[in-house]
Amino acid sequence: MLARSQSLARPQSWHGAGPGRAARELQEQHAKSAATRHAAPPSTLARFETYCERRRASLEEEVIEDLGGRRLLECQQNYPDLEAKPIWDVATEAWRWLDPILAQTDQMRDEVRRRATSFRESKWVDTYGRDGAYDSGWGMVDITPKAFPAVARALRGAPLAPRRRCIARQRADRSIHAHSDRVPWALTCHITLEGRGHMVVDGERLDWTPGEATVCDTTFFHSAHNEHATEDVYLVHLDVFHPGLSADERHALDALSRHLAAARRRRAAALSPFVAGLESAFSAGDASRDES
């Protein structure tokens, strides 16, 4: 983060000073301002600066293999020097913030039963060994204060990353095939509300048990399973900041994500008339062909 440039306010010593002295003082002010503008970032943000440099130097969807192919990293999301382990022990001090959330499991479960009436589901395309799309049974609905007020209150103070925060459902007798989410600065936390299932993360089983939380690094190849014949699994699905990030780094990542989201919205708004025009032209062409 670059420090704010110093003000170039008129020096008091200009009163009665000759032009040579005034010019020297003005040059000194400019030199100080330039030095401030080009100062090195604080040490707490040095890794974030490296992360930004990597973003600028790589292409979207460009990925690299890590740890002998056990995990994938998206080049534009490759944050340096973060500890990588597939499953995190939520009984340690770093995850104490989960305790007051888990204490409200019953209230959250009751609210989800009442309010989670529709889930977004889409076909998954397996690019890691199976061809074509498949029915994963995985659906999500976003957590907002309006949609799920009790859940939103329970999550206040949690280190939520600017990615997913939703109620997730894994339908009965369905699975998500092994894949990687490729973003190392966010870990995936599941709080199981109802039903039982499990994940397999880097070859290790991680059970979903009602009233309990799990945390894993989904850059490692992982899959999700509900083997029950009739009962769905309901989870609070959260992407949370990696505990190795400082408060300044979390703030910087959050601010960057908001900036990029706003830029995408502006770009979409600017393109929408052009896209609408293309759609109209194609529709007119289709109609003329139908008439001929």
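Take the sequence shown: its position 148, counted from the start at 1, is 147 in numbering that gives the first Met the number 0, and no numbers get skipped. Don't be surprised by glycine CBs; every beta carbon is placed ideally from N, CA and C. These numbers were taken from a predicted model, which means no experiment stands behind them.
Asked                                                                                                                                                                          : Found
Thinking C-alpha only, which one of LEU244, ALA171, GLU64 is nearest ALA228?                                                                                                   : ALA171
Could you check if ILE63 is buried or exposed, using at least 16 other CB atoms within 10 Å of its CB as the buried criterion?                                                 : exposed
Look at the alpha carbon of ALA160 and the alpha carbon of CYS74, and state the distance between them as a whole number of angstroms.                                          : 18 angstroms
May I ask you to report which of helix, strand or coil DSSP gives PHE147?                                                                                                      : coil
Alpha carbon to alpha carbon, how far is ALA246 from ASP253?                                                                                                                   : 11 angstroms
Note down the Cα distance separating ASP109 from VAL232, rounded to an integer number of angstroms.                                                                            : 14 angstroms
Straight-line CA distance for ARG195 to ALA269?                                                                                                                                : 46 angstroms
Using only the alpha-carbon positions, how far apart do ASP88 and SER271 sit?                                                                                                  : 46 angstroms
Rounded to a whole number of angstroms, what is the C-alpha to C-alpha distance between GLU60 and GLU226?                                                                      : 32 angstroms
Since GLU203 is in the beta strand (DSSP E), which residue starts that stretch and which ends it?                                                                              : 203–207
Looking at the unbroken beta strand (DSSP E) that takes in GLU73, where does it start and where does it end?                                                                   : 70–73
Pick helix, strand or coil for GLU64, following the three-state DSSP scheme.                                                                                                   : strand
Is it the case that the stretch 139–149 contacts the stretch 180–200, given that we only count it when at least three CB pairs across the two stretches are under 8 angstroms? : no
In this structure, how does DSSP classify ASP216 when only helix, strand and coil are distinguished?                                                                           : coil
Can you tell which of ARG249, PRO158, LEU259 has the C-alpha that lies nearest to the C-alpha of TRP94?                                                                        : PRO158
Which residue comes first and which comes last in the alpha helix (DSSP H) that contains VAL111?                                                                               : 104–114
For ARG54, which option in ILE190, ARG265, PRO209, PRO79 has the closest C-alpha, if you only look at C-alpha atoms?                                                           : PRO79
Buried or exposed: GLU248, going by 16 or more other Cβ atoms within 10 Å of its Cβ?                                                                                           : buried
For ILE100, name the three-state secondary structure that DSSP assigns.                                                                                                        : helix
Tell me which same chain residues have a C-beta within less than 6 angstroms of the C-beta of ARG164, skipping the five on either side of it?                                  : ILE142, LEU237
The beta strand (DSSP E) with TYR50 in it runs from where to where?                                                                                                            : First-last for TYR50: 45–56, but that is the alpha helix (DSSP H), not the beta strand (DSSP E).
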